[in-house]
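Novice: Before I ask anything, let me first share the structure, which is written out below as structure tokens.
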């Protein structure tokens with residue numbers, strides 16, 4: 015196992031005062047890089063519905079050094095904080111999971127977007143009352159696996175045609 019240290023170039027104090035925008039629960043691999051989606055919250059710990067995306071090429075992810083990552087994309091209006099993400103096996107689709115106040119899966123088209131992976135939303139899937147849902151993974155191109163952290167439940171979600 016390799017330990018990779020990161021720091022956010024746009025975080026100027028640690029711990030941050032005020033809003034907390036550098037917590038990260040969503041990490042995934044896509045196109046030879048590690049991608050990090052941050053979970054934002056108010057100073058009081060309440061969820062904010064935005065995220066920032068950071069990228070670290072795998073061939074640069076060495077141990078023993080701190081990698082300073084700059085944001086490559088941002089997204090507002092997600093309806094909850096980001097708790098998980100995964101890219102489809104083909105690399106065509108990104109699934110971003112949000113939780114609190116609403117559990118949703120956002121699907122983004124990754125074709126032709128460069129590093130702006132959050133720029134082409136396809137659709138938003140409302141999950142309803144699924145509890146503390148905090149992880150997502152593709153199981154093939156057309157199915158997601160979702161996990162509830164507190165109840166230890168696993169859900170399968172077949173994606174509708176067209177993403």
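Residue numbers (our numbering): 15 to 177. Ideal placement from N, C-alpha and C gives every residue a C-beta, glycine not left out. Predicted model, so just to flag it, every value in this text is computed and none were measured.
In its own chain, which residues sit with a C-beta less than 7 Å from the C-beta of residue 163, not counting the 5 before and 5 after it?
Specialist: Excluding residues within five positions, the ones whose Cβ falls inside 7 Å are 146 and 148.
Novice: Taking the straight line between their C-alpha atoms, what separation do you get for residue 34 and residue 63?
Specialist: Answer to the nearest angstrom: the Cα atoms are 12 Å apart.
Novice: Keeping to the same chain, check which residues put their C-beta closer than 7 Å to that of residue 113; ignore five residues upstream and five downstream.
Specialist: Result list for residue 113: 94, 95, 97, 146, 147 and 148, in chain order.
Novice: Classify residue 110 as buried or exposed, calling it buried when 16 or more other Cβ atoms lie within 10 Å of its own Cβ.
Specialist: By the 10 Å Cβ count, residue 110 comes out buried.
Novice: So, helix, strand or coil for residue 185, using DSSP?
Specialist: The shown model of the chain, from 15 to 177, leaves out residue 185, and the question about it has no answer.
Novice: Check residue 129 in the structure and name its three-state DSSP category.
Specialist: Residue 129: coil per DSSP, three-state reduction.
Novice: On the three-state DSSP scale, how would you describe residue 24?
Specialist: Coil, per DSSP.
Novice: Select from 65, 108 and 47 the residue whose C-alpha is nearest the C-alpha of residue 55.
Specialist: Of the candidates 65, 108 and 47, the one whose C-alpha sits nearest the C-alpha of residue 55 is 65.
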